[in-house]
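A.B. asks: For reference, the structure I am asking about is given below.
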Amino acid sequence: MDIFDKIKNNRGPLGQHAKETHGYFTFPKLEGEIAPRMFFRGKEVLTWSINNYLGLSNHPEVRKADADAAKEWGLGYPMGARMMSGQTQEHEKLENELANFMDKEACYLLNFGYQGCMSTIEALVDRNDIIVYDSESHACMVDGVRLHQGKRKVFLHNDMKSFEKQMDIATKIAGQTGGGILVVTEGVFGMSGDQGKLKEIIEYRKSGKYNFRIFVDDAHGFGTLGKTGQGAAEEQGVQDEIDVLFGTFAKSMASIGAFVCSSDDVINYLAYNMRSQIFAKSLPMPLVVGGLKRLELLKAQDQKNKLWEITNALQSGLKNAGFNLGDTNSCVTPVMMSGTLGEATTLTHDLRENHSLFCSIVVYPVVP
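Residue numbers (my numbering): 443 to 810.
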């Protein structure tokens, strides 16, 4: 069979609906300044489907920092991978400031979040190690797990009995292979909004029941949770117990890029072994300089406080109106509904056309 024949016959769970959804429900064009109100098909709508948690995308200081850096450096500099010719003092400065802010020994700046997360997980383990991961982990984490050549075990979402069961199996396998165990989970799960049970997982290690290292992707918690904005681990009082902490610039910092924090030894190892960074171009200077300004504003907490004023009002209002928000305990605000895809598209169309609310449908495989 020609491999392209399979593509014609099976477009995938989302692609099979492309003819009916493209340009409206999928790949829609939002226009205008990134703001609470934008334009969709020439009509002003209230947007509920963008990542701009802290409103930094159009902050005047951020816009100026971005523009000034682009004017001075252009978008090409530095030209090359970090290891070869893409290292700058500004890259190191952002890494140091992130490490200090996150209370970790060291930090490594990544050129993109999705690939960075995949590559971090892949680099940390070898074929003798076992990965134990949450069933609702983000796709970038699942893809990182798929790259692993050893055993992997999945536990039911935030289910500690299931976690124990899989850890018992993983511990037995590790005893046979001589490998270690890497637990992989999220600080905040992006679709459901509930925090990962980091404190409970850490307790298993502190009690001596299991021996493992833990990797946490806190894309949605970084900048939005915790006393200082460190994220879900700070919120739960276990920031110093997280071995490898991953964050992205795509949410709170409204930019592109990511970072991973850990011990000096681990970060040095990752810098010399992460294929997504060794064989790819360094993060462009405007994104680095802009990242420094964004981090400065994030530390000030003004935007985080405003975010939670809005979040609390929104979530309280929706709950009082009878909507099901699931178990969210973050600023992620899902409205859970059951029904067919046709009913979902009809509702979304009604919200956009008759109520000027731009909301997005989230269906399988994005959610179970």
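For glycine and all other residues, C-beta sits at the position ideal for the given N, C-alpha and C. The model shown is predicted, which means the values in this text are computed figures rather than measured ones.
Residue ranges of each beta strand (DSSP E) run of no fewer than 3 residues wholly in the stretch 481-509, ordered along the chain?
C.D. replies: 485-489
A.B. asks: Would you call the stretch 574-583 and the stretch 591-598 touching, i.e. three or more CB-CB distances under 8 angstroms?
C.D. replies: yes
A.B. asks: Could you check the C-alpha separation between T463 and Y806 for me, to the nearest Å?
C.D. replies: 15 angstroms
A.B. asks: What did DSSP end up calling G650 once you bin it into helix, strand or coil?
C.D. replies: coil
A.B. asks: Could you tell me whether the stretch 583-595 touches the stretch 535-548, where touching means 3 or more Cβ pairs closer than 8 angstroms?
C.D. replies: no
A.B. asks: Might you give, ordered along the chain, the residues of its own chain that have their beta carbon closer than 8 angstroms to the beta carbon of L737, omitting 5 neighbours on each side?
C.D. replies: The answer, listed in chain order, is L536, E539, L540, F543, M695.
A.B. asks: Jot down the residue ranges of each uninterrupted alpha helix (DSSP H) in the stretch 688-746, minimum 4 residues, whole runs only, in chain order.
C.D. replies: 706-715, 717-720, 727-742
A.B. asks: For P478, count neighbouring Cβ atoms within 10 angstroms of its own Cβ and tell me buried if that reaches 16, exposed if not.
C.D. replies: Classification of P478: exposed, given that the 10 Å Cβ count is below 16.
A.B. asks: Check this for me: beta carbons of F688 and T489, under 8 angstroms apart or not?
C.D. replies: Not a contact, by the Cβ cut-off of 8 angstroms.
A.B. asks: Does the stretch 655-664 come within contact of the stretch 679-693, defined as at least 3 CB pairs closer than 8 angstroms?
C.D. replies: yes
A.B. asks: With three or more beta-carbon pairs closer than 8 angstroms as the criterion, would you say the stretch 506-522 touches the stretch 725-741?
C.D. replies: yes
A.B. asks: In the DSSP assignment, find the alpha helix (DSSP H) that holds R655 and state where it starts and stops.
C.D. replies: Not the alpha helix (DSSP H): R655 falls in the beta strand (DSSP E), residues 655-659.
A.B. asks: Any idea if T627 is buried or exposed, counting beta-carbon neighbours within 10 angstroms, 16 or more meaning buried?
C.D. replies: buried
A.B. asks: Suppose the cutoff is 7 angstroms on Cβ atoms and the five residues either side in sequence are ignored; what does the same chain contact list for I611 look like?
C.D. replies: K595
A.B. asks: Quick check on D636: buried or exposed, where buried means 16 or more other Cβ atoms within 10 Å of its Cβ?
C.D. replies: buried
A.B. asks: What is the rounded straight-line gap between the Cα of G484 and the Cα of S798?
C.D. replies: 11 angstroms
A.B. asks: In chain order, what residues of the same chain have a beta carbon less than 7 angstroms from the beta carbon of S491, not counting five sequence neighbours either side?
C.D. replies: F800, C801, S802
A.B. asks: May I ask you to report which of helix, strand or coil DSSP gives C773?
C.D. replies: coil
A.B. asks: Within the continuous alpha helix (DSSP H) that includes T666, where are the two ends?
C.D. replies: Counting along the chain, T666 falls outside any alpha helix (DSSP H), and DSSP gives it neither H nor E.
A.B. asks: The alpha helix (DSSP H) with C559 in it runs from where to where?
C.D. replies: Segment 555-566, the alpha helix (DSSP H) holding C559.
A.B. asks: Have a look at E427 and V487 and give me their C-alpha separation to the nearest angstrom.
C.D. replies: Since the displayed the chain opens at 443 and closes at 810, residue 427 lies outside it and no answer follows.
A.B. asks: Let's see if you can read the secondary structure: which residues bound the beta strand (DSSP E) around D576?
C.D. replies: 572-576
A.B. asks: With a CB to CB cut of under 6 angstroms and the five nearest residues on each side skipped, what residues in its chain are close to F631?
C.D. replies: E578
A.B. asks: Counting Cβ pairs closer than 8 angstroms, one from the stretch 743-758 and one from the stretch 548-561, do we hit at least three?
C.D. replies: no
A.B. asks: Which class does K546 belong to by DSSP, given the choice of helix, strand or coil?
C.D. replies: coil
A.B. asks: Note down the Cα distance separating A742 from G622, rounded to an integer number of angstroms.
C.D. replies: 39 angstroms
A.B. asks: So what does DSSP say about F446, is it helix, strand or coil?
C.D. replies: helix
A.B. asks: Tell me whether K693, by its Cβ, gets closer than 7 angstroms to a heavy atom of the ligand MG.
C.D. replies: The model depicted lacks the ligand MG and carries no ligand whatsoever.
A.B. asks: By the three-class DSSP mapping on this structure, what secondary structure does E475 have?
C.D. replies: coil
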